[in-house]
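Following: one structure in structure tokens, then a few remarks.
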Amino acid sequence: MGRPGGHLSSLPLHLVLPVLALLLWSLSGSAWARWLFLPAWVLATQLIAAGSLEAARLRRHAWLGQYLRDGSPWHRRLRGGALMVARHQLLGALLALVLLVKLRGLPLAAWPLLLAGAFGVALARGWLHRRLAPHVIEARLPAVTRRLLVGPVAGLLALALVGMALWLPQPWLVDLGWEAALLRHLPAGEGGSLLAFFERLAAAAEITRAWAMQNAEAQLSLGAPLALLGWLLMLLTQGALAWAFVRLLVGADALRGEGITNRRQEETP
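For the sequence shown, the working numbering assigns the number 43 to the initial residue and increments by one for each residue that follows.
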């Protein structure tokens, strides 16, 4: 298996940098990770929020265009202000937290899937841009392209991560009670840092998922609820990781596009 960074040169630079930063974050030691956690959380939040804000404003602009006249001042008043920004900052912070904590416990074997997801973002963006160009207003084309690629790429990445989680070896938890499984396999906390707390929380969720899926058949009276709990935890955690990862890359692309647009406006006489 090749190194995770072996083919990063084929990606655009503004996608390479976030992927490399996330890879270094996942491989950093506990001491470095504790120091870098808050700056990394803030940065990841801003990237994710940038992409989700762009999509929200695109939806709001389309909605207002259906009901308001072109010259109405309500376009400016309803296009989205502090409340919209605060909502997407909060959502971005939650997704960034999931992404950073999950990456700390992610095996190195999963990184080829994340790199494939990054390539998928770049390829889907180019393909959709060419397909949509004859039909979409030029000023809205980049935002529409990014809006449409998130769901398919994140969905495929989530399915791949679920398959990887099922394929990787799991601790044997059959015939153990839930509390016993946590006591035996939950790693000891390293200090009282905020990151250590979230890492233990994520590890507890993963152990609970494995325990529920392995014991679903052994405990026939609770088989269906346990299996449902296990699958729900797996789909939620892997889906949230995939969604946050793709959202972060789309946010980086949106910020780059916004920067290019601003430079062009400044250069226009």
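Glycine included, every Cβ here is placed at the ideal spot set by N, Cα and C.
Query raised in the report: Exposed or buried, what is Asp-112 when buried is set at 16 or more other beta-carbons lying within 10 Å of its beta-carbon?
Result: In the sequence shown, the residue the question calls residue 112 occupies position 70. So Asp-112 counts as exposed.
**Report entry** Close beta carbons around Gln-280, own chain, < 7 Å, minus the five adjacent residues each side
**Finding:** Residue 280 sits at position 238 when you count from the first residue of the sequence shown. These residues qualify, in order along the chain: Ala-200, Leu-203, Val-204 and Ala-207.
Query raised in the report: Between which two residues does the alpha helix (DSSP H) harbouring Ser-68 extend?
Result: Walking along the sequence shown from the start, residue 68 turns up at place 26. 55 to 69 is the span of the alpha helix (DSSP H), which, as asked, contains Ser-68.
**Report entry** Ordered list of alpha helix (DSSP H) runs contained in the region 218 to 248, each at least 4 residues
**Finding:** 220 to 227
Query raised in the report: What do you reckon, are the CB atoms on Gly-293 and Gly-93 nearer than 8 Å?
Result: On the sequence shown, residue 293 is found 251 positions in, with the first residue counted as 1. On the sequence shown, residue 93 is found 51 positions in, with the first residue counted as 1. Going by C-beta atoms, Gly-293 is nearer than 8 Å to Gly-93.
**Report entry** Cutoff 6 Å; reference Gln-21; Cβ partners in own chain excluding five residues on either side
**Finding:** This structure gives no information on residue 21, because the portion of the chain shown stretches from 43 to 311.
Query raised in the report: Using the beta-carbon count (16 or more within 10 Å), is Arg-289 buried or exposed?
Result: Within the sequence shown, numbered from 1, the residue matching residue 289 stands at position 247. With 16 or more other Cβ atoms within 10 Å, it is buried.
Query raised in the report: Helix, strand or coil for Trp-153 per DSSP?
Result: If you number the sequence shown from 1, residue 153 lands on position 111. In this structure, Trp-153 counts as helix in the three-state DSSP scheme.
Report task. Taking only runs that begin and end inside the region 148 to 217, name each unbroken alpha helix (DSSP H) of 4 or more residues, in chain order. Result -> 153 to 174 and 183 to 209
Report task. Put Leu-277 into one of helix, strand or coil per three-state DSSP. Result -> One-based indexing of the sequence shown puts residue 277 at position 235. Three-state result, Leu-277: helix.
Query raised in the report: In chain order, what residues of the same chain lie with their CB nearer than 7 Å to the CB of Val-192, ignoring the 5 residues before and after it?
Result: The residue labelled residue 192 in the question sits at position 150 within the sequence shown. For Val-192, where only same-chain residues beyond five positions count, the Cβ hits under 7 Å are Val-288, Arg-289 and Val-292.
Query raised in the report: What whole-angstrom Cβ distance do Val-195 and Ala-175 have, given they're in contact under 8 Å?
Result: Taking the sequence shown and counting its residues from 1, one reaches residue 195 at position 153. Taking the sequence shown and counting its residues from 1, one reaches residue 175 at position 133. That belief does not hold up - the Cβ atoms of Val-195 and Ala-175 are roughly 20 Å apart, past 8 Å.
Query raised in the report: Taking Cβ positions, are Met-126 and Ala-97 nearer each other than 8 Å?
Result: Residue numbering aside, residue 126 sits at position 84 when the sequence shown is read from its first letter. Residue numbering aside, residue 97 sits at position 55 when the sequence shown is read from its first letter. Contact flag unset, no.
Report task. Using 10 angstroms around the beta-carbon of Arg-251, count the other beta-carbons present and answer buried if the total reaches 16, otherwise exposed. Result -> In the sequence shown, the residue the question calls residue 251 occupies position 209. Under this definition Arg-251 is a buried residue.
Requested in this report: Inspect the beta-carbon positions of Ala-75 and Arg-189 and report whether they are closer than 8 Å.
Outcome: Here residue 75 refers to the residue found at position 33 when the sequence shown is read from its first residue. Here residue 189 refers to the residue found at position 147 when the sequence shown is read from its first residue. It is not a contact, given that the beta carbons lie outside the stated cut-off.
Query raised in the report: For Leu-132, which option in Val-84, Ala-152 and Ala-160 has the closest C-alpha, if you only look at C-alpha atoms?
Result: Position 90 of the sequence shown, counted from the start, is the residue given in the question as residue 132. Of the listed residues, the one whose Cα sits closest to Leu-132 is Val-84.
**Report entry** C-alpha gap between Glu-248 and Leu-170, whole angstroms
**Finding:** Taking the sequence shown and counting its residues from 1, the one referred to as residue 248 is at position 206. Taking the sequence shown and counting its residues from 1, the one referred to as residue 170 is at position 128. Cα-Cα distance, rounded: 36 Å.
Report task. Provide the residue span of the alpha helix (DSSP H) that contains Ala-135, from first to last. Result -> Against the sequence shown, residue 135 aligns to sequence position 93. From DSSP, the alpha helix (DSSP H) with Ala-135 extends over 124 to 146.
Query raised in the report: Under a Cβ-count criterion, where at least 16 other Cβ atoms within 10 Å of its own Cβ denotes burial, should Gly-123 be classed as buried or exposed?
Result: Numbered from 1 along the sequence shown, position 81 holds the residue referred to as residue 123. Per the 10 Å Cβ criterion, exposed.
Report task. Go through its chain and collect everything with a Cβ distance to Ala-164's Cβ below 7 Å, but skip five positions before and after it. Result -> As a position in the sequence shown, residue 164 is number 122, starting the count at 1. These residues qualify, in order along the chain: Leu-53, Pro-54 and Leu-57.
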